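Residue numbers (our numbering): 1445 to 1913.
C-beta atoms are modelled at their ideal positions from N, C-alpha and C, and glycine is treated no differently.
On a predicted model such as this, the values are computed, not experimentally measured, just so you know.
The next block holds one structure in the form of structure tokens; read it before the comments.
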Ligand code: FAD
Ligand code: 2HG
Ligand code: ZN
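What follows is the structure, given as structure tokens:
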């Protein structure tokens, strides 16, 4: 086929992988193993110039492109369809660090840099890159930007959109849009970079970014707190903030069902409190100076929470190893659920203050509809963003995922009543695009379609994702 020959000429034959010659399953199945595709080829460009050339070639031949980073996405945004006509464009070879400007507190990295490496590099320069998610050892900066990833430190630092000062993007016709400025202020018309952040590869290919850096925290402490309800957890957040203000950098909640699931499926997960609480909070504080002062303020705040009955019990970690063990338990929530079997995932947000009422309203509705249902609720309480996942009743017969529409209607209609978002972190991909017409206004949907048509008139950038057909 002409297209493949020309792609080989541009990228080198070793970087055009085809399904007849190679096992491509690592690139054609999503992380949750819910979608499998069959691509025409997997393309591995080495730099922006090659991305530009190969995207122009795709435009010329009318070949659709599915960009892929670390393939850790939760909603099948990076999976090709089964037509055998789409190409997967892998960004992993674009993994250079172009610049670190310590005085400007920025670094310019290519899209294929793995998030954990970017965090390490920042630390080497005595700086801090705050995006932190369970998949950080495999996900890539381009994927983080394309999904506007969140994670555990949004509370203090904001999500990925807040970390991006500049972008380089290859447009669907192959032109390179260079917006690589490390500016904190720039009001020269529409801020185009924001169009591509969170667009899940439907408007262009992100090839590089200027990222914000922060002062490195020198002291950090973590506590695991037992609380009797999400309402108490929110009160705990208020107590911590009144003592420590912005030094509260993470505030995660876990229902006992998720803790039990991790303890069951992930070897080495520690036992926690003598008496199992219904809810747990992982609260992290950090500061750029004064470990002792930080510890004292944290202990005072937690002491007050215990005395007033806001907290039932507290474990304050005494070593980095102990803190890492607790964070591993939190990070393993997804893996444990995967081992436990299918669950219907919801990645929703409501205003932080509405979280307790939302949970109190929805849990009984699920139990009435599905007696014995096992809600696996955890997530980023400080941001109002819960992973409100729903696992099948123990005696359920049949494919639990067949209930997705009915379960979604219960959970997501309630989200809408609370003026929330049905996808706060993971994006839409193929999995959730069908919710868009249900929960966005026709005007919002129309504007999205007009933006898509303006930037990608041939409809070749990640078709079948985000926007419903
Ligand atoms: P991929 O999965 O490869 O792609 C994701 C989307 O971005 C696709 O639509 C793809 O087409 C597009 N894309 C990828 N690269 C580019 C590019 N260079 N240009 C244009 N489009 C591109 N997410 C959170 O937000 N918060 C969490 O706390 C979190 N925790 C996780 C924990 C685990 C264990 C796992 C497995 C996932 C978690 N995720 C979380 C989801 C996932 O890791 C993020 O969505 C991440 O940002 C995806 O990055 P990636 O490189 O793997 O992207
Ligand atoms: C997390 O916060 C991720 O751990 C994954 O966003 C959530 O597995 C999930 O539902
Ligand atoms: Zn999350």
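Which residues bound the beta strand (DSSP E) around residue i?
i: residue 1723; result: 1723 to 1731
i: residue 1511; result: 1509 to 1512
i: residue 1623; result: 1620 to 1623
i: residue 1697; result: 1692 to 1699
i: residue 1832; result: 1829 to 1835
i: residue 1554; result: 1550 to 1554
i: residue 1760; result: 1757 to 1760
i: residue 1543; result: 1541 to 1545
i: residue 1818; result: 1818 to 1824
Taking 6 Å as the cut-off, is the CB of residue i close to at least one heavy atom of the ligand FAD?
i: residue 1771; result: no
i: residue 1612; result: no
i: residue 1903; result: no
i: residue 1516; result: yes
i: residue 1622; result: no
i: residue 1584; result: yes
i: residue 1644; result: yes
Compute the Euclidean distance between the alpha carbons of residue i and residue j, then round it to the nearest angstrom.
i: residue 1874; j: residue 1910; result: 7 Å
i: residue 1609; j: residue 1653; result: 7 Å
i: residue 1466; j: residue 1615; result: 29 Å
i: residue 1699; j: residue 1504; result: 52 Å
i: residue 1501; j: residue 1522; result: 20 Å
i: residue 1814; j: residue 1780; result: 22 Å
i: residue 1883; j: residue 1840; result: 29 Å
i: residue 1827; j: residue 1450; result: 48 Å
i: residue 1446; j: residue 1660; result: 52 Å
i: residue 1526; j: residue 1889; result: 26 Å
i: residue 1702; j: residue 1617; result: 46 Å
i: residue 1499; j: residue 1474; result: 23 Å
i: residue 1913; j: residue 1759; result: 50 Å
i: residue 1476; j: residue 1751; result: 43 Å
i: residue 1831; j: residue 1794; result: 12 Å
i: residue 1893; j: residue 1848; result: 26 Å
i: residue 1518; j: residue 1872; result: 9 Å
i: residue 1515; j: residue 1583; result: 7 Å
i: residue 1621; j: residue 1640; result: 11 Å
i: residue 1747; j: residue 1671; result: 14 Å
i: residue 1663; j: residue 1673; result: 29 Å
i: residue 1553; j: residue 1493; result: 15 Å
i: residue 1572; j: residue 1506; result: 42 Å
Please find out if some non-hydrogen atom of the ligand ZN comes closer than 6 Å to the beta-carbon of residue i.
i: residue 1869; result: yes
Buried or exposed for residue i, please, with buried defined as at least 16 other CB atoms from any protein chain shown within 10 angstroms of its CB.
i: residue 1730; result: buried
i: residue 1636; result: exposed
i: residue 1464; result: exposed
i: residue 1949; result: Any question about residue 1949 goes unanswered here, given that the chain covers just 1445 to 1913.
i: residue 1628; result: exposed
i: residue 1638; result: exposed
i: residue 1764; result: exposed
i: residue 1863; result: exposed
i: residue 1497; result: buried
i: residue 1812; result: exposed
i: residue 1633; result: exposed
i: residue 1783; result: exposed
i: residue 1468; result: buried
i: residue 1690; result: exposed
i: residue 1594; result: buried
i: residue 1607; result: buried
i: residue 1580; result: buried
i: residue 1768; result: exposed
i: residue 1550; result: buried
i: residue 1808; result: exposed
When every heavy atom of the ligand 2HG is checked, does at least one fall within less than 6 Å of the C-beta of residue i?
i: residue 1778; result: yes
i: residue 1588; result: no
i: residue 1785; result: no
i: residue 1631; result: no
i: residue 1789; result: yes
i: residue 1873; result: no
i: residue 1526; result: no
i: residue 1578; result: yes
i: residue 1459; result: no
i: residue 1603; result: no
i: residue 1548; result: no
Residue range of the alpha helix (DSSP H) that residue i falls in?
i: residue 1800; result: 1799 to 1813
i: residue 1869; result: From DSSP, residue 1869 is part of no alpha helix (DSSP H); its letter is neither H nor E.
i: residue 1742; result: 1735 to 1751
Should residue i be counted as a contact of the ligand PLP given a C-beta to heavy atom distance under 6 Å?
i: residue 1523; result: No copy of the ligand PLP occurs in the structure displayed; its ligands are the ligand FAD, the ligand 2HG and the ligand ZN alone.
- Task: Output the residue ranges of the alpha helix (DSSP H) runs that lie fully inside the stretch 1635 to 1689 and measure 4 residues or longer, sorted by chain position.
- Result: Within the stretch 1635 to 1689, complete alpha helix (DSSP H) segments of at least 4 residues are found at 1637 to 1640 and 1674 to 1688, given in chain order.
- Can you give, in chain order, each stretch of the alpha helix (DSSP H) that sits fully within the stretch 1564 to 1602 and has at least 4 residues? The stretch 1564 to 1602 contains these whole alpha helix (DSSP H) runs: 1585 to 1591 and 1598 to 1601.
- Query: Can you give, in chain order, each stretch of the beta strand (DSSP E) that sits fully within the stretch 1462 to 1505 and has at least 3 residues?
  - Reply: Correct list: 1485 to 1487.
- Message: Quick check for students: name the residue ranges of the alpha helix (DSSP H) that lie wholly in the stretch 1774 to 1799, counting only runs of 4 or more.
- Response: Runs of the alpha helix (DSSP H) inside the stretch 1774 to 1799: 1777 to 1784.
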